[in-house]
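Numbering (UniProt numbering), first residue to last: 1 to 408.
In this text, a Cβ means the ideal position worked out from N, Cα and C, and glycines have one as well.
Let me begin by presenting the structure, written as structure tokens, before commenting on it.
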Amino acid sequence: MRGNELKHVAIIGGGPAGLMAAEVLSEAGVQVDVYDAMPSVGRKFLLAGVGGMNITHSEPLEVFVGRYGARREEIARWLSAFGPEQLRAWMHGLGIESFVGSSGKVFPQGMKAAPLLRAWLHRLREQGVRFHVRHRWLGWSDEGDLRFATDAGEMAVQADAVILALGGGSWSRLGSDGKWIPALERQGVAVVPLKPANCGFDVGWSAHFCQRFAGAPLKTVALCFDGERRQGECVVTATGIEGGLIYACSGRLRDAIEAHGSAVIELDLLPGRSLERVTEELNRPRGADSMANHLRRKLGIEGVKAGLLRELVSKEDFADPVRLAATIKALPVRLIAPRPLDEAISSAGGVHFEGVDERLMLNALPGVFCAGEMLDWEAPTGGYLLTACLASSRVAGQGVLAYLEGAR
Numbered sequence: 001m002r003g004n005e006l007k008h009v010a011i012i013g014g015g016p017a018g019l020m021a022a023e024v025l026s027e028a029g030v031q032v033d034v035y036d037a038m039p040s041v042g043r044k045f046l047l048a049g050v051g052g053m054n055i056t057h058s059e060p061l062e063v064f065v066g067r068y069g070a071r072r073e074e075i076a077r078w079l080s081a082f083g084p085e086q087l088r089a090w091m092h093g094l095g096i097e098s099f100v101g102s103s104g105k106v107f108p109q110g111m112k113a114a115p116l117l118r119a120w121l122h123r124l125r126e127q128g129v130r131f132h133v134r135h136r137w138l139g140w141s142d143e144g145d146l147r148f149a150t151d152a153g154e155m156a157v158q159a160d161a162v163i164l165a166l167g168g169g170s171w172s173r174l175g176s177d178g179k180w181i182p183a184l185e186r187q188g189v190a191v192v193p194l195k196p197a198n199c200g201f202d203v204g205w206s207a208h209f210c211q212r213f214a215g216a217p218l219k220t221v222a223l224c225f226d227g228e229r230r231q232g233e234c235v236v237t238a239t240g241i242e243g244g245l246i247y248a249c250s251g252r253l254r255d256a257i258e259a260h261g262s263a264v265i266e267l268d269l270l271p272g273r274s275l276e277r278v279t280e281e282l283n284r285p286r287g288a289d290s291m292a293n294h295l296r297r298k299l300g301i302e303g304v305k306a307g308l309l310r311e312l313v314s315k316e317d318f319a320d321p322v323r324l325a326a327t328i329k330a331l332p333v334r335l336i337a338p339r340p341l342d343e344a345i346s347s348a349g350g351v352h353f354e355g356v357d358e359r360l361m362l363n364a365l366p367g368v369f370c371a372g373e374m375l376d377w378e379a380p381t382g383g384y385l386l387t388a389c390l391a392s393s394r395v396a397g398q399g400v401l402a403y404l405e406g407a408r
């Protein structure tokens with residue numbers, strides 16, 4: 001971009017959104033400085049990839065876009081320019097091949113985030129991007145300069161444009177702590193309160209059940225809530241339940257609890273068998289066998305699944321084969337509260353979409369753009385969150401370039 005060699009853009013936040021914005025701008029010849037409060041950049045990105053870096057998903061784009069709920073229209077616009085296929089091509093350009101797992105999720109070869117981050121940072125440094133760690137953003141001075149707290153004391157920075165990519169409010173130990181909210185609110189920017197997303201929920205187990213089964217996986221179950229049925233796995237925790245099956249509908253569960261005080265899900269403990277088949281098996285003569293042994297021998301229900309029945313089913317229903325069969329196929333579990341925000345994988349809430357224009361520039365602060373999770377949207381796990389974060393930062397980066405061009 002001719003004429004922008006002397007332009008200076010400050011990016012606050014060194015996660016994936018900030019790094020992708022830095023790439024867009026540095027490729028165009030803009031001087032980019034990335035500031036992050038942590039000792040190194042990409043810390044949450046690295047930790048999220050410890051168990052296998054799920055970068056995106058391979059399902060058709062029209063299905064993919066539907067995962068973003070109330071904000072699907074806004075996010076569809078981001079993804080039209082940088083969707084799952086473009087993301088995989090971008091990763092290939094860094095020398096990292098990808099593959100599609102059996103679930104349709106897309107992973108980098110080797111499954112790890114570290115090689116991808118190393119290659120990415122190397123390219124950014126080659127493009128002239130400068131990184132400043134242990135720089136916590138404090139807001140703006142009366143003169144309009146950016147204020148940072150550093151090990152050497154407070155410093156002020158001037159920039160021709162700013163991209164805020166400060167993340168949400170989960171995993172504060174990695175830098176996403178939501179402490180940016182007051183600085184924006186003082187400037188008249190509307191921020192929707194942060195809430196946990198992709199989170200577990202409290203149930204209030206008995207001490208006996210908790211002691212025996214906390215940490216036990218619930219494999220091959222189906223969850224029904226609000227007319228939707230999903231099959232997968234989850235995990236019993238000391239306080240309740242979490243895992244992929246729960247995360248997939250955590251936003252709706254959270255909102256239902258907020259509205260009604262609790263939310264009831266139904267777990268099908270034997271999704272591969274019909275109610276008629278389960279009833280037939282339980283009605284077979286059991287002789288001297290206890291109902292627990294009968295469940296194990298006829299249906300393979302034991303361990304944590306048997307424990308859940310004992311925990312949640314009355315003695316009368318447990319002893320009645322017909323009622324017990326119906327409960328096995330639709331076991332009601334009352335969720336009473338989402339786990340705290342800092343335990344969540346991600347967060348909902350953030351800068352209100354009505355407060356930014358289509359380029360993601362703040363209406364209240366010309367020249368200041370927002371990207372990533374700090375905007376008010378949410379997505380389930382499975383690569384959706386990361387893909388949209390990266391796509392939003394490309395929109396913001398292109399928005400900055402247009403802003404700088406207009407300011408010439």
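For residue 108, the enclosing beta strand (DSSP E) begins and ends at 105–108. Residue 20 sits in a helix when the DSSP states are folded into three classes. Residue 187 and residue 142 have their alpha carbons spaced roughly 11 Å apart. Under a 10 Å Cβ-count criterion, residue 176 is classified as buried, with 16 or more other Cβ atoms of the shown protein chains found around its own Cβ. Following the DSSP letters along the chain, one finds residue 33 in no alpha helix (DSSP H) but inside the beta strand (DSSP E) bounded by residues 31–35.
The distance from the Cβ of residue 180 to that of residue 395 is about 19 Å, inconsistent with a contact at the 8 Å cut-off. The count of Cβ pairs closer than 8 Å, one atom from the stretch 200–211 and one from the stretch 354–370, stays below three, leaving the stretches out of contact. Rounded to the nearest angstrom, the gap between the Cα atoms of residue 318 and residue 259 is 32 Å.
Contact between residue 231 and residue 222 holds: their C-beta atoms lie close to 4 Å from each other, under 8 Å. Residues 349 of the same chain have their beta carbon placed closer than 7 Å to that of residue 193, with the five preceding and five following residues left out of the count. By the neighbour-count criterion, in which a residue is buried when 16 or more other Cβ atoms sit within 10 angstroms of its Cβ, residue 250 is buried. In the three-state DSSP reduction, residue 134 falls in the coil class, being neither helix nor strand. Counting only residues of its own chain and dropping the five nearest sequence neighbours on each side, residue 397 has a CB closer than 6 Å to the CB of 21, 24 and 25.
Contact between residue 199 and residue 344 holds, since their C-beta atoms are separated by about 4 Å, short of 8 Å.
Residue 389 sits close to residue 372, with the two beta carbons spaced by under 8 Å. A direct Cα-Cα distance of roughly 7 Å separates residue 120 from residue 94.
Comparing alpha carbon positions, the residue from 268, 147 and 163 closest to residue 157 is 147. Shown here, residue 387 sits in a helix according to DSSP, grouped into three states.
For residue 235, the closest alpha carbon among the candidates 220, 228 and 226 is that of 220.
Residues of the same chain with their beta carbon placed closer than 6 Å to that of residue 310 are lacking, with the five preceding and five following residues left out of the count.
Boundaries of the beta strand (DSSP E) harbouring residue 233: 228–236, taken from the DSSP string.
Comparing alpha carbon positions, the residue from 123, 356, 69 and 289 closest to residue 27 is 123. Straight across, the Cα-Cα distance linking residue 355 with residue 59 is about 31 Å. Counting only runs of 4 or more residues that sit fully inside the stretch 29–93, the alpha helix (DSSP H) segments are 43–48, 61–65, 72–81 and 84–93, in chain order. Within the model, the alpha-carbon separation for residue 163 versus residue 127 is close to 18 Å.
DSSP links residue 155 through a beta bridge to 148.
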